[in-house]
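See below for the structure under consideration.
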Amino acid sequence: MIRLFVMDVDGTMTDGAIYLDGSVGEFKRFDVRDGLGISRLISSGVKTAIISGRDSPATDRRARELGIGLVLQGVKDKLVELKKMSRDMSLDPEEVGYIGDDVNDCPCIIWAGRGFAPSDAVPEARKAADIVTSAAGGYGAVREAVEHILHINGSKRTR
């Protein structure tokens with residue numbers, strides 16, 4: 160059973176594009192269906208978290224909107240944080256799901272009991288993953304991972 164689902168942001172929850180307005184503004188595109196899936200996952204009792212290598216107010220806002228419990232940004236070594244988070248929650252790796260799209264996510268994808276990568280992830284991440292979604296990052300990849308977790312946890316599917 161997966162009790163914690165941890166997500167990378169850029170290229171996973173988003174399509175990987177970062178729009179800068181030339182001042183201090185940054186825009187990201189999030190998929191609303193991913194968001195509904197995350198909300199349903201939380202309702203089923205699974206804890207959710209974000210570990211991102213970048214700092215972004217847009218990520219903070221989206222996490223608040225969805226009720227994502229823990230958001231770590233500007234993280235250099237994601238695996239260190241994932242292991243600490245799991246330890247703090249008294250979870251074994253088998254109880255953790257992780258989705259990421261790039262080489263800095265590979266250690267987390269491998270360590271987690273269920274590692275996911277979007278279809279457009281770098282080859283190293285796809286190879287590291289237990290499951291590669293048919294959807295690309297920012298276009299339903301998170302929702303597919305959520306569907307899988309709900310299924311293996313015995314919860315009602317969200318589609």
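Residue numbering for the sequence shown follows our numbering, starting at 160 and increasing by one per position. Using N, Cα and C, we set each Cβ at its ideal position, and we do this for glycine too.
Asked, Found
"Determine the closest residue to Ala284 out of Gly299, Gly226, Gly259 and Ala208, with distance taken between C-alpha atoms.", "Gly259"
"Using a Cβ-Cβ cut-off of 7 Å (strictly less than) and excluding sequence neighbours within five positions of Thr171, which residues of its own chain qualify?", "Ile258, Gly259, Asp260, Pro277, Gly296, Ala300 and Val301"
"Assuming Ser202 and Asp169 are in contact, meaning their beta carbons sit under 8 Å apart, how far apart are those beta carbons, in whole angstroms?", "Not confirmed; about 26 Å, so no contact."
"Could you compute how far the alpha carbon of Arg273 sits from the alpha carbon of Val255?", "7 Å"
"Return the first residue and the last residue of the beta strand (DSSP E) that Lys187 is part of.", "No beta strand (DSSP E) holds Lys187; DSSP gives it neither H nor E."
"Among Leu225, Phe164, Arg246 and Ser182, which one has its Cα closest to the Cα of Asp190?", "Leu225"
"Whose CA, out of Val291, Asn263 and Tyr178, lies closest to the CA of Glu303?", "Val291"
"Can you tell me whether Lys243 is buried or exposed? The criterion is at least 16 other CB atoms within 10 Å of its CB, across all chains shown.", "exposed"
"Rounded to the nearest angstrom, what separates Trp270 and Pro252 at their Cα positions?", "6 Å"
"Among Arg188, Ser182, Val183 and Arg199, which one has its Cα closest to the Cα of His307?", "Arg199"
"Do Asp289 and Asp167 come within 8 Å of each other at the CB atom, strictly closer than that value?", "no"
"Measure the Cβ-Cβ separation of Lys206 and Gly233 and say whether it is below 8 Å.", "no"
"Under a three-way DSSP split, which group does Val230 fall into?", "strand"
"Taking its Cβ as the centre, do 16 or more other Cβ atoms sit within 10 Å of Arg162, making it buried, or is it exposed?", "buried"
"Under 7 Å Cβ to Cβ from Tyr298, same chain only, skipping five residues before and after it: list those, please.", "Asp174 and Asp190"
"Using alpha carbons as the reference points, say which of Leu238, Ala280, Ala294 and Thr218 lies closest to Arg230.", "The amino acid at residue 230 is misidentified as Arg; the sequence shows Val. The option with the nearest alpha carbon to Val230 is Thr218."
"Taking just the CA atoms, how far does Leu238 sit from Val305?", "21 Å"
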